[in-house]
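Since the structure comes first, as structure tokens, the remarks are kept for the end.
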Amino acid sequence: MSGDTYFKLLKKSQILEHVVQLSSHVGKSEQQVQRLQCEQARAQCVQDRVFAELEKYRRQVVDAQQQFLGLVEALTGLCMREEEIQETNEAGSPEHSIVSVEEQTLLDLERVTSPTAGASGSTFETQALATVGHQRVLQLEAICARYERQLVGSEAALSQAIYSDAARESAAKITQLEARNQQHEADKQALQVQLELARGQVAHLQDRLAHTQERRTTLEHVRYFIQDLLNES
């Protein structure tokens, strides 16, 4: 074999070996690309599910907030009516509020809303609703206590009238005080029922909102983690 033929064969052998190496490298690269594509598809699927869960819990938060707002408005209306009754009894003429229940509720929510709070929108609204709801419960408790004091006063006045020497004059007063006493007792019982119902509803909605917010926060962390994985890929 001549020297030229040997070097030609050697060169062809080297080229063939290089082609084989390139082919092997391309095969490995294709496998790696397929693996990365599969991982990316799985991550995208998980991310889609996380987004769906987040949207579901977002709707649940909004629904719970709407229920909570309805409860706060109902309590606000009840407190406003009781205050008007009290003013009528004290002043002798009704004083109707020029502010509606919805406007008063909005004003109270804005009053307890801190412009420097760092919470997210939904959590921030929930905190404001919980604060105003708690204030309404305290107002109802004060109204119930006031009825209790009025009831005690009526009972004392009734006892005094019963033992009065002027029986004829006391008869009308006794009848009036008995009627007022019965009305105060009925109003007190009705308010106590509404107060207990409001307490239960406020506690239930607060627990529900807290659980939903916790789940939402967890899903947000999962979403950011998956997004980081996708960005690294």
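Convert by adding 1 to the 1-based position in the sequence shown; the result is the number in this note's numbering.
Cβ atoms here follow ideal geometry from the backbone N, Cα and C, with glycine treated the same way.
Asked, Found
"Sub-8 Å separation of Ala75 and Leu206 beta-carbons", "no"
"Through-space distance from Leu210 to Val100, alpha-carbon basis", "29 Å"
"C-beta atoms of Val73 and Leu130 nearer than 8 Å", "yes"
"DSSP three-state assignment for Ser101, whether helix, strand or coil", "coil"
"Whole-Å CB distance - Leu55 paired with Arg217, under 8 Å assumed", "6 Å"
"Of the residues Leu107, Leu220, Arg36, Gln190, the one placed nearest Val133, counting alpha carbons only", "Leu107"
"Contacts around Gln151, its chain only, beta-carbon distance under 7 Å, and the 5 residues preceding and following it disregarded", "His185"
"Other residues of its chain near His135: CB distance less than 6 Å, five sequence neighbours each side excluded", "none"
"Ala143 beta carbon near the ligand FAD (any heavy atom closer than 7 Å)", "Looking for the ligand FAD in the displayed structure turns up nothing, as the structure carries no ligands at all."
"Separation of Thr176 from Ala118, as counted between CA atoms", "Residue placement at Ala118 is flagged as unreliable, the pLDDT there being 49, under the threshold of 50; the coordinate-derived value follows with that caveat. About 57 Å."
"Beta-carbon gap between Leu141 and Leu220 smaller than 8 Å", "no"
"Runs of beta strand (DSSP E) lying entirely within the region 135-215, each at least 3 residues, in chain order", "none"
"Nonlocal neighbours in the same chain, by C-beta distance under 7 Å from Val113, ignoring five residues either side", "Ala129, Thr132, Val133"
"Glu88 versus Ile144: straight-line alpha-carbon distance, rounded", "13 Å"
"DSSP three-state assignment for Thr114, whether helix, strand or coil", "coil"
"Rounded straight-line distance, which links the Cα of Gln67 to that of Gln228", "32 Å"
"Closest Cα partner of Gln195 within the set Glu83, Thr127, Asn90, Tyr58", "Glu83"
"Alpha-carbon to alpha-carbon, Tyr225 and Gln45", "12 Å"
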